[in-house]
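First the structure, in the form of structure tokens, and then the observations on it.
Numbering (the UniProt record's numbering), first residue to last: 1 to 215.
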């Protein structure tokens, strides 16, 4: 990840964690707590791709695991957000720009449901049975509701900042070339440019022997 990506991701993750712990966590809403950290991870992953989303998700989850008043095993939420960042990055649109708000909402809705279920499953494996007392169905429904309501105000702003701080580099890259894939689009442009630029020179070289044979 580039330096500007790391700096922006760090600032957004810290800001989201601060708001989530100091504001959203004290609202005492029924069911789950609105997961602002998840929305930031999804927004960055939709611009940075799977590798960037995985790294951002792990960093954000680890911050949440270490921040008070954390009452769960360290690494539990880091694993969940790491997987969510990777999965959301796989759904990154061409150039890192969403064509419709509905597609981003669908990604957020899926991430809210899967992350809640995965967090409860990991908790059950390590002996945390809090989800059983609260009710897993209520947690999933409330997490979906809160995150979808917050998504239009958070995800587009995060994606815009990510593109601006990245110099809109992701817009000019091919979908796979931006993530270190094949980059066939860039290769094709390079070959076309090379053939066009080398055409006149090649013609001149073909005419040189004829000119040399003239008396």
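Quick reminder that beta carbons are idealized off the backbone N, C-alpha and C, glycines included. Remember, it's a predicted structure, so these values are computed and weren't measured experimentally.
I'd like the span of the alpha helix (DSSP H) that includes residue i, first residue to last.
i           : result
residue 39  : 36-66
residue 142 : 136-165
residue 83  : 76-90
residue 116 : 101-125
residue 10  : 3-22
Using only alpha-carbon positions, find the residue among the options that is nearest to residue i.
i           : options            : result
residue 43  : 106, 30, 120, 136  : 106
residue 76  : 59, 36, 3          : 59
residue 68  : 2, 164, 19, 165    : 19
residue 28  : 104, 146, 157, 153 : 146
residue 138 : 91, 31, 26, 82     : 31
residue 55  : 153, 14, 78        : 78
residue 73  : 117, 123, 136      : 123
residue 144 : 22, 33, 50, 94     : 33
residue 135 : 150, 116, 26       : 116
residue 91  : 51, 167, 126, 23   : 51
residue 102 : 94, 152, 126       : 152
Report the CB separation of residue i from residue j in whole angstroms; it is logged as a contact under 8 Å.
i           : j           : result
residue 112 : residue 35  : 7 Å
residue 114 : residue 159 : The pair is not a contact, with the Cβ atoms about 20 Å apart (cut-off 8 Å).
residue 165 : residue 8   : 5 Å
residue 45  : residue 89  : 4 Å
residue 162 : residue 48  : 7 Å
residue 108 : residue 39  : 7 Å
residue 41  : residue 104 : 13 Å between Cβ atoms; not a contact.
residue 86  : residue 53  : 6 Å
residue 57  : residue 81  : 4 Å
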